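Notes to accompany the following structure.
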Amino acid sequence: MKLWHIDSSVLGDNSASRKLSAAIVAQQAALHPGLEVEYLDLAAAPVGHLSPAHIGAMFGHPPEDAATLADIARGAGFIDTLFAAGIIVIGVPMYNFGLPTQLKAWADRVLVAGKTFKYGPDGVPLGLVPAGKKVYLASTRGGLYGPDSPAAPFEHQESHLKAMLGFIGLTDVTIFNADGLAIPDRKAPSIAAAEAAIAEFAFELV
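Here's what the structure looks like:
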């Protein structure tokens, strides 16, 4: 069994999403003896954002510079890892109402027409990622963005990532959320509640 652990926070050891994603991975490791974990730190080793060179390479015009070629090859490997993993764990903090730019750049490498999705004759998209994978998101936010919050219309983090994952066939998504981390006296209880939810969750074998 292979697990792909992805972090995207730029806060390093001070990151709540990293702490929660690590807790999820620890639970999975206890559940699956011999679990193979591949770790991707998108803040420490960011993938390049799409550029004219990247798009040109998709249409048979590879760039000449070695750095861009290496970046394209690395991004292509993400799809192989995605297909091989039975479990995907992603640490996803909210930055300015949405995803960290590093995580969006990763998504741009794994949402690829003809590889992870395709359009049917009627234009309806079909995810090509094999079924049966489980995705766990460690979501953290400074404010309160739940459905009953006045700020709910500004939530483009969890919803965006779930939409992109579902588009390619990853529909079994569980979110562990710690909200209100920038509100005085709320950070520690919110993280503790998320950690308790992870510890008590009935994770299933894959």
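For what it's worth, this note's numbering labels the leading residue of the sequence shown as 1, then goes sequentially. Every residue gets a Cβ at the ideal spot worked out from N, C-alpha and C, and that includes glycine. As the structure is a computational prediction, the values presented were derived from the model and not from experiment.
Check	Outcome
Which class does Ala151 belong to by DSSP, given the choice of helix, strand or coil?	coil
Is it true that the stretch 124 to 138 meets the stretch 19 to 28, where meeting means three or more beta-carbon pairs spaced less than 8 angstroms apart?	yes
Could you have a look at Thr171 and say whether DSSP puts it in helix, strand or coil?	coil
Determine the direct distance from the alpha carbon of Ala199 to that of Ala30, and round the result to whole angstroms.	11 angstroms
Would you call the CB atoms of Gly86 and Met164 closer than 8 angstroms?	no
How far does the beta strand (DSSP E) with Ser190 in it reach, from first residue to last?	Ser190 -> not in any beta strand (DSSP E); alpha helix (DSSP H) instead, spanning Lys187 to Glu200.
Can you look up Glu64 in the DSSP assignment and give me helix, strand or coil?	coil
Under 8 angstroms between the Cβ atoms of Ile88 and Trp4?	yes
Which runs of the alpha helix (DSSP H), 4 residues or longer, sit entirely within the stretch 2 to 70?	16 to 31 and 52 to 58
Whose C-beta lies closer than 8 angstroms to the C-beta of Leu170 among residues of the same chain, with five residues either side of it excluded?	Ile88, Gly127, Val129, Lys133 and Val135
Among residues of its own chain, excluding the 5 on either side of Ile55, which ones have a beta-carbon nearer than 8 angstroms to its beta-carbon?	none
Pick from Gly142, Ser17 and Ala194: whose alpha carbon is nearest that of Gly180?	Gly142
Starting from Val135, trace the beta strand (DSSP E) both ways and give me its first and last residue.	Lys134 to Thr140
Buried or exposed for Val110, please, with buried defined as at least 16 other CB atoms from any protein chain shown within 10 angstroms of its CB.	buried
Just to confirm the assignment, what range does the beta strand (DSSP E) spanning Lys118 have?	Phe117 to Tyr119
With a Cβ-Cβ cutoff of 8 angstroms, do Phe203 and Gln28 count as a contact?	yes
Check the C-beta distance from Thr101 over to Glu38 and give it rounded, since I have them as a contact under 8 angstroms.	That pair is no contact at about 22 angstroms.
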